[in-house]
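*Asks:* Residue numbers (our numbering), protein chains in the order written: chain R, 43 to 331; chain H, -7 to 162.
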């Protein structure tokens, strides 16, 4: 490509000035960027309103595209179901028969549990679902792991609320817009969730690694052995997540810290449930003179 | 056609629209993150950055020197990176390209590709360090993302060349 002659300004003072000021503006842009970056590093929620304003435009578009893609993708699946419906029916009957006994036993246990709680006078909170919505898009080009939910303040979603799927914890709400909310996924490197092992109640934290997996780290003592198959659920420490939400099942042995996949896979999720904050922080008490 | 209707120097497209097309195409590239895909690893190439570099290297007068700042701000709003990172990195890579252009005046597409690859690696690497802590396990995926993005540059260059040709022809 030939050199750019058009950038030569000649003797026109006006042209010289305009080129000079465009360079000044370019350098100023870099400086403004550096200042914005420092502000958003030390105060991450500073520009939440701007980001969520943009998200409240993109989220409806993503939702429509997601529905269209699902509709097209479900056509071959539906045809397959049509052909295998008899076999599937028989299988489902079998499963239902097997699960029936389990459900009856679980009902009895729930009742017994309620009786015992009443005997002990425990004040327990039940997890309440605020809204069920779809995760529609994510920060697929950034190293951060965020997803956008297509429900926001209009549906009662507030920052800090846990987001879960039927099979496990997904993350928590970080920022909310009128019709969209940003979810910090468990695998984000800033996400830390207090968990415990179901087998013996061993306390641990599930810290995101940034690559779609989480690190399960023991918090009490050293030389803690983790075994393959150990199930970790939220412990309720910190008051954000209700206790007992499944987080991860280990697929490798390890000592003190072990990497694991999460139980809920956000990339193949149909619906996410937003739950109320389990034990909200009490409002700050005004200092009395 | 009589001689009065013949206007050889009049372009069909309004100047304001012709000037807006590069901006709009870069912003549409940034909006690719709105596709309904919940990624567990950052493999999607930053299409906004690719479009910006293609416009800058192929049609150098289509965007002003300072255009990288506002376009970066828009990208930050939709990409999930901390606000200001693309403003800083895109503006800096514009200035770097300006410096390279002052020294390397006769360029071929291969040199353009090399410059774009350098700018992509610069923006993605520094973007990773401002967004996530050093200890995060994202480096292998980041390398893959840089390679994918650099490999996509000829495609976006073709796209930009096509838009630019249409823009001139209309």
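We put the CB at the ideal spot given by N, CA and C, even for glycine.
Going by beta carbon distance, what residues of the same chain come within less than 8 Å of residue 24 of chain H, once the five residues before and after it are set aside?
*Replies:* Counting only Cβ-Cβ distances below 8 Å, and skipping sequence neighbours, we find 36, 39 and 40.
*Asks:* Could you round the C-beta distance between residue 217 of chain R and residue 323 of chain R to whole angstroms and report it? I think they count as a contact, below 8 Å.
*Replies:* Going by Cβ atoms, the distance from residue 217 of chain R to residue 323 of chain R rounds to 18 Å, so no, they are not a contact pair.
*Asks:* Name the residue from H:72, H:56, H:143 and H:73 whose alpha carbon lies nearest to the alpha carbon of residue 90 of chain H.
*Replies:* The shortest C-alpha separation from residue 90 of chain H is found at H:56.
*Asks:* Quick test of your reading: residue 296 of chain R and residue 60 of chain H, contact by CB under 8 Å. State the CB separation rounded to the nearest angstrom.
*Replies:* Actually they do not touch by this definition, with Cβ atoms about 45 Å apart.
*Asks:* May I have the straight-line CA-CA distance separating residue 82 of chain R from residue 298 of chain R, to the nearest angstrom?
*Replies:* If you take the alpha carbons of residue 82 of chain R and residue 298 of chain R, they lie about 34 Å apart.
*Asks:* Please classify residue 145 of chain R: is it buried, with 16 or more other beta-carbons within 10 angstroms of its beta-carbon, or exposed?
*Replies:* Exposed is the call here.
*Asks:* The segment 170 to 184 of chain R: which residues have C-beta closer than 8 Å to a C-beta of chain H, in chain order?
*Replies:* Correct list: 177, 178, 179, 180, 181, 182, 183 and 184.
*Asks:* Would you tell me roughly how many angstroms separate the C-alpha atoms of residue 99 of chain H and residue 114 of chain H, rounded to the nearest one?
*Replies:* Each residue's alpha carbon lies about 21 Å from the other.
*Asks:* Within its chain, find whatever has a CB closer than 7 Å to the CB of residue -7 of chain H; leave out the 5 residues flanking it on each side and keep chain order.
*Replies:* With a pLDDT of 47 at residue -7 of chain H, under the threshold of 50, the modelled position of that residue is not reliable, and the figure given next carries that caveat. The answer is none, since no qualifying residue turns up.
*Asks:* Name the residues in the segment 71 to 88 of chain H whose C-beta lies less than 9 Å from a C-beta of chain R; which are they?
*Replies:* Under the 9 Å Cβ criterion, the segment 71 to 88 of chain H contributes 71, 72, 73, 74, 75, 76, 77, 78, 79, 80, 81, 82, 83, 84, 86 and 87.
*Asks:* Which stretch, first to last residue, makes up the beta strand (DSSP E) that contains residue 250 of chain R?
*Replies:* Residue 250 of chain R -> beta strand (DSSP E) spans 245 to 250.
*Asks:* Measure from the alpha carbon of residue 87 of chain R to the alpha carbon of each residue in H:46, H:63, H:58 and H:74, then state which is nearest.
*Replies:* With distances taken between Cα atoms, residue 87 of chain R lies closest to H:74.
*Asks:* Using a Cβ-Cβ cut-off of less than 9 Å, give me the residues of the segment 309 to 327 of chain R that come near chain H, in sequence order.
*Replies:* Correct list: 309, 310 and 311.
*Asks:* Quick check on the DSSP output: the beta strand (DSSP E) that includes residue 273 of chain R runs from which residue to which?
*Replies:* Here the beta strand (DSSP E) through residue 273 of chain R covers 273 to 276.
*Asks:* For residue 67 of chain R, decide whether its Cβ has a neighbour in chain H, counting only Cβ atoms nearer than 7 Å.
*Replies:* Output row for residue 67 of chain R: interface = yes.
*Asks:* Residue 153 of chain H touches chain R at which residues, Cβ-Cβ below 7 Å?
*Replies:* In chain order: nothing, as chain R lies at least about 12 Å away.
*Asks:* Whole angstroms are fine: how far does the CA of residue 117 of chain R sit from the CA of residue 126 of chain R?
*Replies:* Roughly 15 Å separates the two Cα atoms.
*Asks:* What are the residues in the segment 44 to 72 of chain H lying within 7 Å of chain R by C-beta distance?
*Replies:* Of all residues in the segment 44 to 72 of chain H, 52, 53, 56, 57, 58, 60, 61, 64, 69, 70, 71 and 72 have a Cβ within less than 7 Å of some Cβ in chain R.
*Asks:* What do you get for residue 86 of chain H, buried or exposed, if any count of 16 or more other CB atoms within 10 angstroms of its CB means buried?
*Replies:* Result: buried.
*Asks:* With 7 Å as the threshold, decide whether the Cβ of residue 157 of chain H is near any Cβ in chain R.
*Replies:* Taking Cβ atoms only, chain R never reaches closer than 7 Å to residue 157 of chain H, which makes this a no.
*Asks:* Is DSSP giving residue 229 of chain R helix, strand or coil here?
*Replies:* DSSP places residue 229 of chain R in coil when its eight states are reduced to three.
*Asks:* By Cβ distance, which residues of its chain are closer than 6 Å to residue 268 of chain R, with the 5 residues on each side in sequence left out?
*Replies:* For residue 268 of chain R, where only same-chain residues beyond five positions count, the Cβ hits under 6 Å are 292, 296 and 300.
*Asks:* If you check the beta carbons only, do residue 338 of chain R and residue 277 of chain R fall under 7 Å apart?
*Replies:* Outside the displayed range of chain R (43 to 331) lies residue 338 of chain R, so it cannot be described from this structure.
*Asks:* If we count Cβ pairs, one from each stretch, closer than 8 Å, do we get three or more for the segment 107 to 127 of chain H versus the segment 153 to 165 of chain R?
*Replies:* Touching, no.
*Asks:* Identify whether residue 216 of chain R lies in helix, strand or coil by the three-state DSSP scheme.
*Replies:* It is a strand residue.
*Asks:* Anything in chain R within Cβ reach of residue 23 of chain H, meaning under 7 Å, just list it in chain order.
*Replies:* The answer, in chain order, is 100.
*Asks:* Nearest by alpha-carbon distance to residue 42 of chain H: which of H:104, H:121, H:8 and H:130 is it?
*Replies:* For the residues H:104, H:121, H:8 and H:130, the minimum Cα distance to residue 42 of chain H belongs to H:104.
*Asks:* So that I know if they touch, is there some Cβ in chain R lying closer than 7 Å to that of residue 11 of chain H?
*Replies:* So no, residue 11 of chain H is outside the interface.
*Asks:* How about residue 174 of chain R and residue 198 of chain R: are their beta carbons less than 7 Å apart?
*Replies:* Their beta carbons are not under 7 Å apart, which means residue 174 of chain R does not touch residue 198 of chain R by this criterion.
*Asks:* Comparing the C-beta of residue 209 of chain R with each C-beta of chain H, is any distance below 7 Å?
*Replies:* Answer no: the Cβ-Cβ gap between residue 209 of chain R and chain H never drops below 7 Å.
*Asks:* What residues are listed by DSSP as bridge partners for residue 203 of chain R?
*Replies:* Looking at the DSSP assignment, residue 203 of chain R forms no beta bridge with any residue, so it has no partner.
*Asks:* Going along chain R, which residues have a C-beta under 7 Å from residue 34 of chain H?
*Replies:* Residues of chain R passing the Cβ test: 182, 183, 184 and 185.
*Asks:* What's the gap between the Cα of residue 27 of chain H and the Cα of residue 153 of chain R?
*Replies:* Going by the C-alpha atoms only, they are around 46 Å apart.
*Asks:* Between residue 222 of chain R and residue 194 of chain R, which are expected to be in contact by the criterion C-beta below 8 Å, what is the C-beta distance as a whole number of angstroms?
*Replies:* Between residue 194 of chain R and residue 222 of chain R the Cβ distance is about 5 Å, and since that is below 8 Å, they are a contact.
*Asks:* Is the CB of residue 253 of chain R under 7 Å away from at least one CB in chain H?
*Replies:* True, the Cβ-Cβ gap to chain H drops below 7 Å.
*Asks:* Please list the partners that residue 122 of chain H has in chain R, where partner means a Cβ-to-Cβ separation under 8 Å.
*Replies:* 79 and 83, listed in chain order.
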